[in-house]
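A.B. asks:
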Amino acid sequence: MLSRYSDPHSLPSAAPTPLLGGPTFALRHRLMRLVWQATWLAFAAWTPSFLWRWRGLLLRAFGAEIHPTAIVRGSARIWWPAHLSMGAHASLGPGAICYNVAPVRLDDFAIVSQRAHLCTGTHDINHPDFPLKARPISVGRHGWIAAEAFVGPGVTVGEGAVLGARGVAFRNLDAWTVYAGNPARAVNKRRSASSTSA
Numbered sequence: 001m002l003s004r005y006s007d008p009h010s011l012p013s014a015a016p017t018p019l020l021g022g023p024t025f026a027l028r029h030r031l032m033r034l035v036w037q038a039t040w041l042a043f044a045a046w047t048p049s050f051l052w053r054w055r056g057l058l059l060r061a062f063g064a065e066i067h068p069t070a071i072v073r074g075s076a077r078i079w080w081p082a083h084l085s086m087g088a089h090a091s092l093g094p095g096a097i098c099y100n101v102a103p104v105r106l107d108d109f110a111i112v113s114q115r116a117h118l119c120t121g122t123h124d125i126n127h128p129d130f131p132l133k134a135r136p137i138s139v140g141r142h143g144w145i146a147a148e149a150f151v152g153p154g155v156t157v158g159e160g161a162v163l164g165a166r167g168v169a170f171r172n173l174d175a176w177t178v179y180a181g182n183p184a185r186a187v188n189k190r191r192s193a194s195s196t197s198a
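See below:
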């Protein structure tokens with residue numbers, strides 16, 4: 001027997017589900033994000049590297065919690081600023097993608113390198129409507145997400161952990177451990193910041 005979701009014509013005449021082209025988010029939120037995207041494009045995306053304080057000001061105006069010393073590059077793409085928090089000297093690099101449907105937190109000195117992708121959203125593959133599911137991402141103090149690496153929904157990157165270039169993490173990364181590959185596997189230990197300063 002076919003599910004009622006197998007035939008689009010059997011769906012109720014109410015608003016279509018996202019799977020059939022309907023909106024995932026309320027109109028108000030979509031309009032707010034449109035204003036955000038237009039603002040970033042007009043006033044930040046083209047700005048030179050040294051204007052990071054200006055970009056931080058724009059992010060804070062849209063609800064982000066950005067420490068005054070945190071750096072966001074103009075070419076970084078942030079889905080929604082109010083879901084972003086960055087500690088002292090944290091960095092979001094050139095071309096980085098922050099798809100923060102759920103909150104993303106970068107603690108002090110956390111680095112997200114060029115074209116890395118922080119993705120808090122996925123879909124429920126077992127539900128006929130394929131709904132969006134979102135879980136937060138946290139990158140601990142001194143954590144480093146290297147170039148073009150991918151961090152999936154719900155991942156906590158421990159203090160000082162490293163995800164190597166183009167690595168893919170769908171599970172938590174232990175503190176002061178270096179990971180590489182797809183899926184990411186521990187390949188080495190890293191000296192802690194306290195041991196290197198001693």
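In full-length UniProt numbering, the protein residues as written are 1 to 198.
Here a beta-carbon is modelled for each residue, glycine too, at the ideal position from N, C-alpha and C.
Go to residue 56, then tell me how far its beta strand (DSSP E) extends in each direction, as first and last residue.
C.D. replies: Residue 56 -> not in any beta strand (DSSP E); alpha helix (DSSP H) instead, spanning 52-61.
A.B. asks: How big is the Cα-Cα spacing for residue 18 and residue 131?
C.D. replies: Their backbone Cα atoms lie some 7 angstroms apart in a straight line.
A.B. asks: In the structure shown, what three-state DSSP assignment does residue 109 receive?
C.D. replies: In the structure shown, residue 109 sits in coil (DSSP, three-state: anything other than H, G, I, E or B).
A.B. asks: In whole angstroms, what separates the C-alpha of residue 126 from that of residue 112?
C.D. replies: Between residue 126 and residue 112, the C-alpha separation is close to 32 angstroms.
A.B. asks: With residue 210 and residue 107 assumed to form a contact (beta carbons below 8 angstroms), what rounded beta-carbon distance in angstroms separates them?
C.D. replies: Nothing can be reported for residue 210, as the shown portion of the chain is limited to 1 through 198.
A.B. asks: Three or more C-beta pairs closer than 8 angstroms, one from the region 51-67 and one from the region 155-171: is that the case here?
C.D. replies: At 8 angstroms Cβ cutoff, the stretches do not touch.
A.B. asks: Assuming contact is defined by CB atoms lying nearer than 8 angstroms, are residue 134 and residue 121 in contact in what I supplied?
C.D. replies: Contact: yes.
A.B. asks: Going by alpha carbons, who is nearest to residue 70 out of 79, 188, 85?
C.D. replies: Taking only the C-alpha atoms, the option nearest residue 70 is 85.
A.B. asks: If I follow the unbroken alpha helix (DSSP H) through residue 83, where does it start and stop?
C.D. replies: Here residue 83 belongs to no alpha helix (DSSP H), and DSSP marks it neither H nor E.
A.B. asks: For residue 125, which residues does DSSP report across the bridge?
C.D. replies: In the DSSP output, where bridge partners are listed per residue, residue 125 has none listed.
A.B. asks: Could you say which of 142, 168, 79, 158 lies nearest to residue 31 if we only look at CA atoms?
C.D. replies: The shortest C-alpha separation from residue 31 is found at 79.
A.B. asks: Assuming residue 187 is part of the beta strand (DSSP E), what are its boundary residues?
C.D. replies: Here the beta strand (DSSP E) through residue 187 covers 185-189.
A.B. asks: Report the residue from 35, 61, 82 whose alpha carbon sits nearest the alpha carbon of residue 102.
C.D. replies: When each option's Cα is compared against that of residue 102, the closest is 82.
A.B. asks: Runs of 4 residues minimum, wholly inside the region 148-183: which ones carry the alpha helix (DSSP H) assignment?
C.D. replies: Whole alpha helix (DSSP H) segments, 4+ residues: zero.
A.B. asks: Quick one: grab the DSSP three-state call for residue 77.
C.D. replies: Residue 77: strand per DSSP, three-state reduction.
A.B. asks: Enumerate in chain order the residues of its own chain whose CB-to-CB distance from residue 61 is below 7 angstroms, with the five nearest sequence positions on each side excluded.
C.D. replies: None.
A.B. asks: In three-state terms, what does DSSP make of residue 138?
C.D. replies: Strand, per DSSP.
A.B. asks: Starting from residue 27, follow the beta strand (DSSP E) in both directions and report where the run begins and ends.
C.D. replies: Residue 27 -> not in any beta strand (DSSP E); alpha helix (DSSP H) instead, spanning 27-43.
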